[in-house]
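284 is the number that the numbering used here gives to position 225 of the sequence shown; each next residue is one higher, with no gaps. Working notes, beginning with the structure itself.
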Amino acid sequence: MGKGAYQGGKPGGKPAVPGAPRGDGGQPFRTGGSRDGQAAPFHGERGPRSDDAAGKPYVRGERAPRHDDGAGKPPFRGERGPRNDDSAGKPFVRGERGPRIDDGAGKPFSRGERGPRSDDSVGKPPFRGERGPRHDDASGKPPFRSERAPRSSDDAPFRTERFNRSDDGAKGHFRERFPRPDGGDGKPASSPRRDDVAGQAPYRGAAVKAQPPRTPSPAAAPVARADRNEDGLRPSYHRDFKTAPQTSFKADVKPDSLAFALLGAAAAVVRVREGMALPQALAIVFNDTQATPQARGAIQDIAYRAMRKLGWSDALVGIMAPKAPEPMVGALLACALPLMVKDDDGEAAYSQFTVVDQTVTAASSHPDTARAKAMMNAVLRRFQRERKELLEAIEQQPVAKWNYPQWWIDAVITAYPKDWQAILATGNQAPPLTLRVNARRTTVADYLKTLEQAGIAATQVGKYAVRLAKPVGVQHIPGFADGIVSVQDAGAQLAAGLLDVQNGMRVLDACAAPGGKTCHILELADVSMTALDADPKRLDRVGENLQRLGFSAQLQVAEAQHDNWWDGQQFDRIVADVPCTASGIVRRHPDIRWLRRKSDTLQLATLSREILDNLWKMLAPNGKLLFVTCSLWPQESEAQAAAFAVRNGATRLDAPGQLLPTGSVEQDHDGLYYALFQKDA
């Protein structure tokens with residue numbers, strides 16, 4: 060292009076198109092006609108005309124809508140904006156136009172899509188396309204057929220698919236509907252239609268006869284979930300909400316069968332996984348199932364086995380199950396799998412075939428497990444066939460091997476690098492049954508003879524401690540009901556002797572439940588005893604043990620970190636068995652390892668410090684305070700004792716310190732810690 064040629068509207072040069080009309084300044088226009096002369100043929104694209112001349116033809120291309128008021132203009136064949144005039148009767152031939160803004164009635168709509176009506180006239184034909192909700196109050200208008208916006212009331216949420224209308228009886232997409240909160244006056248809290256026209260059903264192509272309102276169902280009546288197989292509903296669209304396990308369901312199985320015991324134990328395991336302590340979970344199961352004493356023993360035994368092997372069972376299920384099982388299914392497998400291996404004494408409680416059969420029977424009789432019975436049968440039978448390979452596969456998993464949370468294993472290794480394996484292994488064993496002989500009633504030697512006559516093997520393991528070779532029920536222990544003996548761990552029996560109680564002393568047993576130390580002190584001396592505990596139910600057990608032994612004490616329900624219960628009179632001896640993680644008694648309470656969290660150590664240590672400092676002011680000069688904890692963690696034991704002595708200027712006396720539960724003959728006791736302090740005069 061030469062110099063001066065037209066580029067982008069710049070003047071100068073020769074015309075780019077030969078013969079093109081010239082405009083202002085004699086310069087050519089590449090597109091468009093003359094702005095000051097007659098209309099010329101249009102060969103390209105031009106802007107809208109700004110003159111008022113009429114009858115100018117439109118040859119090719121696209122132009123903006125006209126702004127003049129002239130009549131007789133040819134119809135527009137392309138696309139134009141909405142009309143802004145008030146004249147009536149102008150036809151719309153083709154294309155799309157905006158909504159009418161005039162007040163005229165009866166104007167036809169040929170083709171296309173229009174917005175909602177904004178007039179108040181009646182008699183207009185129904186709209187077959189898509190429009191927003193009605194905002195007028197006129198009656199007689201047919202309901203809208205297609206999709207509409209969600210209701211704007213304050214009741215139930217909008218869930219894309221609408222629920223059955225409870226105000227007009229029309230059928231919706233669901234056979235049964237979700238419950239709605241009560242809307243008052245006995246009516247469900249459904250959203251009103253915006254036009255307030257009563258009795259109008261959703262539009263479905265033709266007018267639907269209005270139905271009288273239905274009587275709403277009671278709010279408490281059970282309502283089923285929507286039918287997932289209904290036409291138009293994709294199963295994958297709806298989320299399956301998992302309901303809580305039916306742990307109190309009464310299965311139709313024999314109460315003396317293994318299946319019955321498995322179901323009861325599984326229900327308890329589910330509750331433990333939800334955060335409940337195993338003794339409380341078993342108490343609920345016993346009450347719900349109305350189990351006989353024999354069945355209770357079987358349920359308890361299976362549940363405790365499951366807790367001791369929970370990491371092992373979960374690892375096996377993780378390998379064999381196609382997906383994570385439901386809570387009750389997983390709990391039932393966790394109860395069944397440990398029964399298929401030998402106990403510590405080398406004997407299996409049941410044959411493997413019995414376990415498989417009874418587990419499937421139990422699964423078939425419970426609604427939470429019935430659908431998974433085939434899977435459970437396959438898992439158990441695979442364990443029978445591939446037992447060696449499966450056990451080797453999980454051997455390298457610490458949680459599966461030791462049956463503790465990983466943080467627990469790491470804490471034991473850190474605190475006791477030489478004894479950690481023995482400590483963890485002992486925690487997975489069933490605890491021995493150790494008795495404390497009441498020195499006021501008999502001697503250890505005489506009682507051992509009584510046991511021998513009853514055919515019960517036992518040995519003396521402490522000054523007042525007798526350990527039975529095999530555990531038996533307390534109802535079968537000679538002299539238990541008469542107060543001759545009590546059940547107490549050999550390590551726990553050291554507390555009363557360390558206090559060196561004398562007749563006439565005032566003694567406080569803080570955190571006393573279940574009362575073993577309280578009763579032992581009363582067996583050694585005539586003292587004025589106060590038993591303190593924050594849990595009224597646990598304190599009741601202290602009263603029961605006192606009554607069985609023939610002793611009395613003042614029972615006080617209060618928290619040991621507060622002094623609002625104290626009468627101001629100081630005590631000569633105080634036992635402070637403070638709250639802790641109970642990491643030293645896991646063989647007696649195997650659920651503790653799964654209930655505790657690593658952060659619990661710091662929280663409980665803080666509470667223990669408050670209790671010790673509060674009790675110290677209640678101790679008389681020259682009095683002794685025995686600090687006891689059943690924890691293995693130094694933060695709760697030795698570190699706590701050292702800090703307490705510094706804060707309060709207490710004098711430390713000789714005490715056993717940390718007792719490790721290694722399972723040896725000399726240390727076959729719980730993991731306890733003792734620290735003895737004396738207050739200077």
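All residues carry an ideal CB built from backbone N, CA and C; glycine is no exception. For clarity, every value in this text was computed on a predicted model and none was experimentally measured.
When only Cα atoms are considered, alanine 374 and isoleucine 453 end up about 7 Å apart.
Counting C-beta pairs closer than 8 Å gives three or more between the stretch 411-420 and the stretch 431-444, which meets the contact rule.
Closest by C-alpha distance to leucine 317, out of Pro386, Ala395, Ala342, Arg499, is Ala395. Buried is the label assigned to histidine 648, since at least 16 other Cβ atoms lie within 10 Å of its Cβ. With respect to the 7 Å criterion, leucine 391 and tyrosine 409 are not classified as neighbours on the basis of their beta carbons.
Beyond the five residues adjoining it in sequence on each side, phenylalanine 630 comes within less than 7 Å, by CB distance, of Arg565, Val566, Leu567, Met677, Leu678, Ala679, Gly682 in the same chain, given in chain order. Taking each of Trp371, Asp650, Ile651 in turn and checking the Cα distance to arginine 446, the smallest one comes out for Trp371.
As the crow flies, the alpha-carbon of alanine 350 is around 18 Å from that of alanine 422. Restricting attention to Leu674, Ile651, Gln717, Leu684, the CA atom closest to the CA of glutamate 333 is found in Ile651. Of Ala326, Glu451, Tyr363, the smallest CA-CA separation from glycine 389 is found for Ala326.
Linking threonine 509 to glutamine 552 through their CA atoms gives a straight-line distance of about 21 Å. Serine 667 is a Cβ neighbour of glutamine 699, given a cutoff of 7 Å. The Cβ-Cβ distance between glycine 323 and isoleucine 358 falls below 7 Å. Excluding five sequence positions before and after isoleucine 633, the CB atoms of its chain that fall closer than 6 Å to its own CB belong to Leu567, Leu674, Leu678, Leu684, given in chain order. With 16 or more neighbouring CB atoms inside 10 Å of its own CB, tryptophan 653 falls in the buried class. Assignment of beta-bridge partners to valine 634 by DSSP yields Asp568, Leu685. Under DSSP, aspartate 592 takes part in a beta bridge, and its partners are Val616. For proline 352, the enclosing alpha helix (DSSP H) starts and ends at 352-367.
Residue burial is scored here from C-beta neighbours: valine 533 has fewer than 16 other C-beta atoms within 10 angstroms and is therefore classed as exposed.
Taking 8 Å as the upper bound for CB-CB distance, isoleucine 670 and alanine 619 are in contact here, some 5 Å apart. Residue state for phenylalanine 539 is assigned as coil, using DSSP reduced to three classes. Under the criterion of beta carbons closer than 8 Å, leucine 494 and valine 531 do not qualify as touching, at roughly 11 Å. Distance check between aspartate 360 and each of Pro338, Ala513, Pro457 places Pro338 closest, using alpha-carbon atoms only. Less than 7 Å divides the Cβ of threonine 688 from the Cβ of tyrosine 732. Under the DSSP assignment, glycine 389 falls in the alpha helix (DSSP H) whose first and last residues are 386-395. With respect to the C-alpha of phenylalanine 345, the residue from Arg367, Pro573, Leu321 having the closest C-alpha is Leu321. Taking one beta carbon from each stretch, the stretch 544-551 and the stretch 484-499 have 3 or more pairs nearer than 8 Å; the two touch. The residue from Thr473, Ile543, Ala516 with its alpha-carbon nearest to that of alanine 498 is Ile543. DSSP lists Arg526 as the beta-bridge partner residues of threonine 518. If the five residues before and after glutamine 726 are omitted, its C-beta is found closer than 8 Å to the C-beta atoms of Leu718, Leu719, Pro720, all from its own chain and listed in chain order. Serine 667: member of the alpha helix (DSSP H) spanning 659-675, first to last residue. No Cβ-Cβ contact shorter than 7 Å links valine 601 with alanine 569.
Here arginine 706 is exposed: its Cβ has fewer than 16 other Cβ atoms, across all protein chains shown, within 10 Å.
Residues Asn497, Ala498, Arg499 of the same chain have their beta carbon placed closer than 7 Å to that of glutamate 582, with the five preceding and five following residues left out of the count. Sorting Gly609, Val645, Thr348, Trp461 by C-alpha distance to the C-alpha of lysine 313 places Thr348 at the top.
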